[in-house]
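One structure is given below, encoded as C-alpha cells.
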Amino acid sequence: MSVSVQSSAFDVGAEIAEVTKNAHGIGAIASFVGLVRDLHEIDGASANVTAMTLEHYPGMTEHALEEIVAAAHQRWQLIAVRVIHRYGRLEPGEGIVLVVVASAHRGEAFAACEFIMDFLKTRAPFWKKEESPEGGRWVAARDDDEAATARWLDRR
Amino acid sequence: MTLKLLYFAHLREALGTAGEELAVPENITNVAGLRAHLAARGGRWRVLVESQNLRAAVNQQMAGDEVTVLAGDEVAFFPPVTGG
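Residue numbers (numbering that gives the first Met the number 0), protein chains in the order written: chain U, 0 to 155; chain C, 0 to 83.
This is how it looks when you write it as C-alpha cells:
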C-alpha cells in the first residue's frame with residue numbers, strides 16, 4: 000500500500016528498506032519528512048507551540064493522496080512511492096508526513112518528491128490546530144503553498 | 000432529496016456540529032444553492048455565504064460552487080487545508 004493515513008509514528012529507515020527490498024532497479028531514493036515545530040510565525044511575531052492536533056476527512060484524505068501519487072507516476076518514471084501522513088495530537092519534534100520516492104536516477108526522485116509535497120499541502124484534507132500557552136489556534140493556509148502548487152500546473 | 004453534510008476544522012467548531020443528514024428542497028441543484036440554503040438558517044450559519052475562505056467537496060472530490068449535488072451525495076464544507 001503506497002499511501003497510509005495513521006495516528007502512529009513512522010520509521011523512515013524501515014519505510015525506505017521496505018521500498019528498496021528486492022527492487023534493484025532503484026538507483027535513487029528521495030525522501031521528505033515534515034516535523035512539528037515548537038514555534039509559529041504570525042504576522043512577523045513568533046508564538047510558542049506546545050502541541051498540535053491534525054484533523055482529517057477520512058476517506059477523502061486517502062483518495063486525495065492516491066490521486067497525487069498517481070499524478071506523479073504519470074509525470075515521471077518512478078519505481079515506487081510511499082506516503083504516510085499522521086493525524087491526531089503530535090508534539091514538537093514528531094514526524095507529521097513522510098514521502099519516499101524511488102526511481103532509477105535522482106532527477107525524477109527529487110522532482111516527484113517535491114511535487115507530491117506541494118500538492119499534498121493544498122489538496123489533501125488535513126487541518127492543523129496548534130496548542131500554545133495562549134490557547135488553541137487553527138493554522139491558516141499560506142498563499143505561498145498555493146503558489147508552489149500552481150507552478151507545477153504552469154509547466155508540463 | 001436527502002444529503003449527507005460534513006463540516007471540518009474551524010467550521011465544525013463554529014457551527015457546533017460535525018455533520019448532519021438533511022432533506023433539502025428539490026430546487027437546490029448545486030453547491031452554491033446548498034450554501035445559500037444553509038445560510039438561510041441565520042446566525043452562525045451565515046458564514047457559509049459570507050466567508051470567501053470556505054472550500055467544498057462533493058462525494059470526496061474538491062468542488063466549486065457550480066458543481067451539481069444529487070440525492071444521496073456527501074457534501075463537505077471546510078477551511079483551506081493545512082496538512083503536510
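The beta carbon of each residue, even a glycine, is placed where N, CA and C say it ideally should be.
Remember, it's a predicted structure, so these values are computed and weren't measured experimentally.
Apart from the five residues on each side of it in sequence, which residues of its chain come closer than 7 Å, Cβ to Cβ, to residue i?
i, result
"U:W151", "F114 and D117"
Does the separation of the CB atoms of residue i and residue j fall below 8 Å?
i, j, result
"U:L34", "C:G82", "no"
"C:P78", "U:W75", "no"
"C:T67", "C:N26", "no"
"C:V23", "C:L2", "yes"
"U:K128", "U:M51", "yes"
"U:G94", "U:A29", "no"
"U:A22", "U:A101", "yes"
"C:Q59", "C:E49", "no"
"C:V57", "U:A140", "no"
"U:E130", "U:T49", "yes"
"U:R154", "U:P91", "no"
"C:A55", "C:M0", "no"
"C:L21", "C:L4", "yes"
Could you list which residues in chain C have their beta carbon closer than 7 Å to that of residue i, in chain order?
i, result
"U:T160", "Nothing in the structure corresponds to residue 160 of chain U, since chain U is present only between 0 and 155."
"U:G33", "G83"
"U:H84", "G82"
For residue i, which residues of its own chain have a beta-carbon under 6 Å away from its beta-carbon, when the five flanking residues on both sides are left out?
i, result
"U:E65", "V2"
"U:G87", "S6"
"U:I83", "S3, F9 and L97"
"U:A63", "R122 and A123"
"C:L47", "R34, L37 and A38"
"U:F31", "V98, C112 and M116"
"U:T19", "I25"
"U:A147", "D117"
"U:M59", "P124"
"U:S45", "L38"
Mind checking who residue i pairs with in its DSSP beta bridge?
i, result
"U:L97", "U:V32 and U:I83"
"C:Y6", "C:F76"
"U:H55", "U:F125"
"U:S3", "U:I83"
"U:A13", "For U:A13, which the question treats as bridged, DSSP gives no partner whatsoever."
"U:N47", "U:L38"
"C:A22", "C:T1"
"C:V46", "Note: C:V46 sits in no beta bridge, so no partner."
"C:A56", "C:M61 and C:A75"
Whose C-beta lies closer than 8 Å to the C-beta of residue i among residues of the same chain, with five residues either side of it excluded?
i, result
"C:Y6", "L14, T16, A17, G18, A75, F76 and F77"
"U:A103", "G24, I25, G26, A27, Q76 and I78"
"U:A71", "L77, V80, V100, A111, F114 and I115"
"C:A44", "The displayed chain sequence assigns Trp, not Ala, to residue 44 of chain C. Result list for C:W44: L14, L37 and A38, in chain order."
"U:E17", "R81"
"C:R63", "Per the sequence presented here, residue 63 of chain C reads as Gly, with Arg not at that position. Cβ neighbours of C:G63 beyond the five flanking positions: V30 and A55."
By the criterion of Cβ-Cβ separation under 8 Å, what are the contact partners of residue i in chain C?
i, result
"U:L53", "G82"
"U:V138", "T81"
Give the interface partners of residue i over in chain D, defined as CB-CB distance under 7 Å, in chain order.
i, result
"C:Q59", "Here chain D cannot be found, since the structure's protein chains are U and C."
Could you tell me which chain U residues have their CB closer than 8 Å to the CB of residue i, listed as they occur along the chain?
i, result
"C:A56", "Y56, M59 and P124"
Which chain C residues sit within Cβ distance under 9 Å of residue i?
i, result
"U:V11", "Within chain C, no residue comes near U:V11; the closest Cβ sits about 16 Å away, beyond 9 Å."
Cβ-based contacts, 9 Å cut-off: residues of the segment 89–104 of chain U near chain C: I95 and V96
Members of the segment 70–82 of chain C that neighbour chain U once the beta carbon cut-off is set at 7 Å: A75, F77, P78, P79, V80, T81 and G82
Members of the segment 108–132 of chain U that neighbour chain C once the beta carbon cut-off is set at 8 Å: M116, L119, K120, T121, R122, A123, P124, F125, W126, K127 and K128
Proximal residues, the segment 9–30 of chain C versus chain U, C-beta separation under 7 Å: H9
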